[in-house]
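In our numbering, the protein residues as written are 225 to 809. Below you'll find the structure, written out as structure tokens, and then a few comments.
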């Protein structure tokens with residue numbers, strides 16, 4: 225009996241050994257290799273973003289990174305506490321990162337861009353921290369901090385859930401654990417170009433997960449570069465001008481601003497500012513909960529690019545549209561005198577501050593931004609003609625710029641009111657529409673495109689911000705340039721009258737005459753104060769220069785800034801001063 229029992233045991237053991245070594249040998253060999261060898265990902269440096277003159281706007285720099293090599297066991301409390309102390313982090317923050325990446329054997333990145341004194345401290349305590357490694361990796365770097373943050377966007381490490389979804393959609397993807405992805409702006413839009421191909425090194429580790437030797441290495445392939453139309457000097461000037469003006473106006477209720485500068489002869493974007501901004505370096509290093517809550521709870525929406533996504537009543541700059549329509553359709557002649565008694569004779573609608581400017585011709589009415597005169601233009605035109613010319617200028621539709629999140633705005637019309645409110649249209653609403661109120665909504669970029677058509681003689685160019693995408697070897701892969709979307713169907717003599725009126729806005733007696741007094745370059749512009757249902761009026765100023773041969777269009781919008789000449793005007797003047805190298809006081 226004992227003999228048969230012993231024999232049975234050996235038969236069972238033999239069968240089990242046969243199953244483990246022969247039938248399941250490959251599985252257990254892989255498990256053993258997985259415990260002995262680790263693939264450590266190496267992040268590729270993302271491509272550089274250059275300005276139009278070859279200056280680096282966004283790049284990468286080397287930075288020390290702390291990672292934990294998983295060994296299938298939970299972190300020891302003492303090790304966790306020691307590591308948290310050295311990294312100046314809370315233990316639960318580290319524990320959460322480990323929990324979020326609990327599957328697989330890839331190192332878990334727990335801290336980026338650590339200082340040399342922290343590196344030294346961890347090296348001194350290396351024997352107490354098995355599985356902790358220090359590596360040098362390329363870190364996305366935004367040298368100008370908050371500058372053009374909504375345009376550039378930001379990056380972040382891929383999560384386990386995202387990685388699983390990406391691999392399900394594309395089994396051949398080069399995205400792996402630890403890959404850095406673009407999350408917003410140009411970083412996201414051109415992620416496949418900028419990202420490059422991650423590499424890795426195969427390490428032999430001991431039982432505690434500590435690296436012993438490097439077995440093999442796959443080198444990274446850096447991402448390709450992109451070249452922007454942005455001019456860093458104009459961008460800096462715009463950022464500084466916005467900051468200076470908002471610092472002065474916040475006490476009176478201003479909440480933010482949007483500024484865009486275009487080349488009217490090509491559509492190239494020279495500068496783009498949306499305030500308030502955020503610091504994308506926070507995301508590159510690993511944003512903290514406090515920083516995220518600060519940004520996410522900001523009622524001024526720092527993540528929104530107000531230049532392309534903010535929709536505002538256009539206010540008085542819309543008088544360019546109304547004036548063009550009235551002159552072109554011969555509803556008024558340039559020399560016809562219309563009397564402004566302070567209010568319109570059909571409907572009690574008045575000038576902004578109850579002014580009465582007396583007899584006015586077209587030029588003086590535009591230079592003085594007289595509401596009563598343009599109420600009468602609305603009365604003569606009717607809402608249908610106003611709508612038609614608004615669409616001629618490209619309002620009510622996206623400009624087509626290759627950026628995510630562009631809004632289309634809206635052109636006021638009886639059809640819109642019927643559709644949204646199921647109400648009839650009234651003459652008073654035509655009056656409001658004629659001066660840029662009612663249901664009109666535009667983005668600052670749309671207004672810049674509109675003014676570019678006035679400046680360049682009527683050609684509507686599609687605005688663009690990326691001029692070239694490179695191949696990995698630096699040769700051009702794609703080149704972008706001016707794209708003609710159509711020509712304004714308005715005779716030159718009519719547009720000349722509009723341009724003369726805009727020039728006189730910045731001359732003595734115009735609404736911006738004092739602002740540009742003594743300015744050595746002839747500027748054409750238009751002030752605007754747009755009524756805001758949610759607070760103080762928004763301030764607009766739109767301009768181009770030089771008047772005779774336009775090189776630049778600048779549009780500024782200050783949210784709840786009040787009168788445009790006093791809020792947005794100084795921003796435009798400072799930008800033009802930087803562009804033409806005019807000393808500022």
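Ideal Cβ positions, reconstructed from N, Cα and C, are used throughout, including at glycine.
* Asked: Straight-line CA distance for residue 699 to residue 790?
  -> 47 Å
* Asked: Quick one: what's got a C-beta closer than 6 Å to residue 583's C-beta in the same chain, skipping five residues either side?
  -> 561, 563
* To do: Helix, strand or coil for residue 258, going by three-state DSSP, please let me know.
  => Model confidence at residue 258 stands at a pLDDT of 49, short of 50, so the residue's coordinates are unreliable and nothing is read from them.
* What is the C-beta distance between residue 469 and residue 794, in whole angstroms, given that I count them as a contact (C-beta under 8 Å)? -> 6 Å
* Asked: DSSP state of residue 291, grouped into three classes?
  -> strand
* So who's on the other strand from residue 708, going by DSSP bridges? -> 685
* Does the Cβ of residue 376 have 16 or more other Cβ atoms within 10 Å, making it buried, or fewer, making it exposed? -> buried
* **CA-to-CA distance, residue 704 to residue 598, given in whole angstroms** => 40 Å
* State the beta-bridge partners of residue 563 as determined by DSSP. => 583
* Asked: What's the C-alpha gap between residue 249 and residue 241?
  -> 10 Å
* Inter-residue Cα distance where the pair is residue 415 and residue 607 -> 45 Å
* Taking only beta-carbon atoms, is residue 422 less than 8 Å away from chain B? -> Given the protein chain composition of this structure (a single chain), no chain B is represented.
* Asked: Count the other CB atoms within 10 Å of the CB of residue 397; is the residue buried (16 or more) or exposed (fewer)?
  -> exposed
* Closer than 8 Å by C-beta to residue 553: which residues in its own chain qualify, once you throw out the five before and the five after it? Chain order, please. => 605, 609
* Rounded to whole angstroms, how far is the Cβ of residue 382 from the Cβ of residue 403, which I believe are closer than 8 Å? -> 5 Å
* To do: Could you give the DSSP three-state label for residue 714: helix, strand or coil?
  => coil
* Under a Cβ-count criterion, where at least 16 other Cβ atoms within 10 Å of its own Cβ denotes burial, should residue 762 be classed as buried or exposed? -> buried
* To do: Would you mind stating whether residue 372 and residue 486 have Cβ atoms separated by less than 8 Å?
  => no
* Asked: How would you label residue 569, buried or exposed, when you count the other beta carbons within 10 angstroms and need 16 or more for buried?
  -> exposed
* Residues near residue 494 by beta carbon distance below 7 Å, same chain, minus five either side -> 453, 454, 455, 458, 485, 486, 487, 776
* Asked: Which same chain residues, not among the five before or five after residue 602, have their C-beta less than 6 Å away from its C-beta?
  -> 654, 655, 658
* Whole alpha helix (DSSP H) runs in the region 340-394 with 4 or more residues, listed along the chain? -> 340-348, 373-376, 384-393
* Runs of beta strand (DSSP E) lying entirely within the region 442-516, each at least 3 residues, in chain order -> 450-452, 480-486, 493-499
* Starting from the Cα of residue 669, find the closest Cα among 268, 567, 689 and give me that residue. => 689
* Please check the pair residue 336 and residue 447, which I expect to be a contact at CB under 8 Å, by giving their CB distance rounded to whole angstroms. => Contact flag wrong, Cβ pair sits at about 18 Å.
* Asked: By Cβ distance, which residues of its chain are closer than 7 Å to residue 831, with the 5 residues on each side in sequence left out?
  -> Since the first residue of the chain shown is 225 and the last is 809, residue 831 is not available in this structure.
* **residue 788, enclosing alpha helix (DSSP H) - first and last residue** => 788-791
* How long is the line joining the alpha carbons of residue 507 and residue 518, rounded to whole angstroms? -> 13 Å
* To do: Pick helix, strand or coil for residue 540, following the three-state DSSP scheme.
  => helix
* To do: Hey, could you find the ends of the alpha helix (DSSP H) residue 415 is sitting in?
  => 415-418
* Assigned exposure category for residue 391 - 16 Cβ within 10 Å defines buried -> exposed
* To do: Go to residue 277, then tell me how far its alpha helix (DSSP H) extends in each direction, as first and last residue.
  => Taken as a continuous stretch (DSSP letters only), residue 277 belongs to no alpha helix (DSSP H), as it is neither H nor E.
* Tell me the DSSP bridge mates of residue 700? -> 694
* Assuming residue 535 contacts residue 667 under a Cβ cut-off of 8 Å, what Cβ separation, rounded to an integer in Å, is found between them? -> 6 Å
* Measuring CA to CA, which of 585, 565, 245, 586 is closest to residue 578? -> 565
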